[in-house]
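Here the sequence shown is numbered in our numbering, starting from 10 and rising by one per residue. To start, the structure under review is shown below, and the notes come after it.
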Amino acid sequence: MNIIIKDIKKTFGDKVAVDIPELTIHSGELIGLVGNNGAGKSTLVRCINMLERPTAGTVEVDGVDLGKLSQKELRAQRRDITMIFQAFNLLMQRNCLKNVMFPLELQGMNRNEAKKKAMELLGIVGLSEKAKAYPAQLSGGQQQRVAIARALVKTPRVLLLDEPLSNLDARLRLQTREEIRRIQTETGVTTIFVTHDQEEAMSISDLIF
Numbered sequence: 010m011n012i013i014i015k016d017i018k019k020t021f022g023d024k025v026a027v028d029i030p031e032l033t034i035h036s037g038e039l040i041g042l043v044g045n046n047g048a049g050k051s052t053l054v055r056c057i058n059m060l061e062r063p064t065a066g067t068v069e070v071d072g073v074d075l076g077k078l079s080q081k082e083l084r085a086q087r088r089d090i091t092m093i094f095q096a097f098n099l100l101m102q103r104n105c106l107k108n109v110m111f112p113l114e115l116q117g118m119n120r121n122e123a124k125k126k127a128m129e130l131l132g133i134v135g136l137s138e139k140a141k142a143y144p145a146q147l148s149g150g151q152q153q154r155v156a157i158a159r160a161l162v163k164t165p166r167v168l169l170l171d172e173p174l175s176n177l178d179a180r181l182r183l184q185t186r187e188e189i190r191r192i193q194t195e196t197g198v199t200t201i202f203v204t205h206d207q208e209e210a211m212s213i214s215d216l217i218f
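Structural data, given as structure tokens:
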């Protein structure tokens, strides 16, 4: 999916959180958004999927102006757009396999089909052997990879990663960002990676903004 951002501005009272004249992200690219804390990176990605409505400007995804959609149309569009936050947000009472299956079960997919697809995604993130493990039994990096598998299980066309590694130590950050790049390359999903770490962004991104 191509994403075109034009004259996006988001204000909170007198404070301007986001002010971007133009940004184009081509299908299949991994783009790094870099800036200090409070620079508006997270607000921008929330504007991209309309969790935050821009004060001005447009966000087009494959030619569709998301700001002009009804709530029903926007919900349908969001099926192709998945966001991963800093917190892993895993269901602690479910094992890894059932965590990844959960979005498919909500869609009404046959349990056996959901299980098969979830196992494929756990294989992609290198955690097939942890299918029956619970989140509390995993390292932070492994939990984040389960979150990524769950995000990818519905085959999104856009993946928004909001500081996904900020809660990990240096070793796990390195390991997990390499996994993210590998997965993104294999799946071809258009990805926006938000980070305050310029070196991290340079190591993983096709382009940096």
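The C-beta atom is built at its ideal place from N, Cα and C for all residues, glycine as well. Treat the numbers as computed from the prediction; the structure is a model and nothing was measured.
If you ignore the 5 residues before and after R182, its C-beta comes within less than 6 Å of the C-beta of L174, all in its own chain and listed in chain order.
In the displayed model, V109 falls within a helix according to three-state DSSP. In the structure shown, E31 adopts extended strand secondary structure according to DSSP, grouped into three states. Taking each of L161, R154, E209, I57 in turn and checking the Cα distance to Q86, the smallest one comes out for I57. Taking K126 as the centre and dropping the five residues before and after it, the same chain places the C-beta of L113, V162 closer than 7 Å to its C-beta, in chain order. In the three-state scheme derived from DSSP, where H, G and I count as helix and E and B as strand, L174 is classed as coil.
A residue is called buried once 16 or more other Cβ atoms fall within 10 Å of its Cβ, and Q116, having fewer, is exposed.
Note on G22: under 16 other CB atoms within 10 angstroms of its CB, so exposed under the neighbour-count rule. Under DSSP, E69 takes part in a beta bridge, and its partners are I13, D74.
Around F111, the same chain offers L100, R103, R159 as residues with beta carbons nearer than 8 Å, after the five sequence neighbours per side are excluded. Counting only the Cα atoms, V203 lies some 11 Å from I213. Taking a cut-off of 8 Å for Cβ pairs, the segment 162 to 171 and the segment 144 to 154 do not touch, as fewer than three such pairs fall below it. Secondary structure at V203: strand, using DSSP grouped into helix, strand and coil.
For V155, the enclosing alpha helix (DSSP H) stretches over residues 149 to 161.
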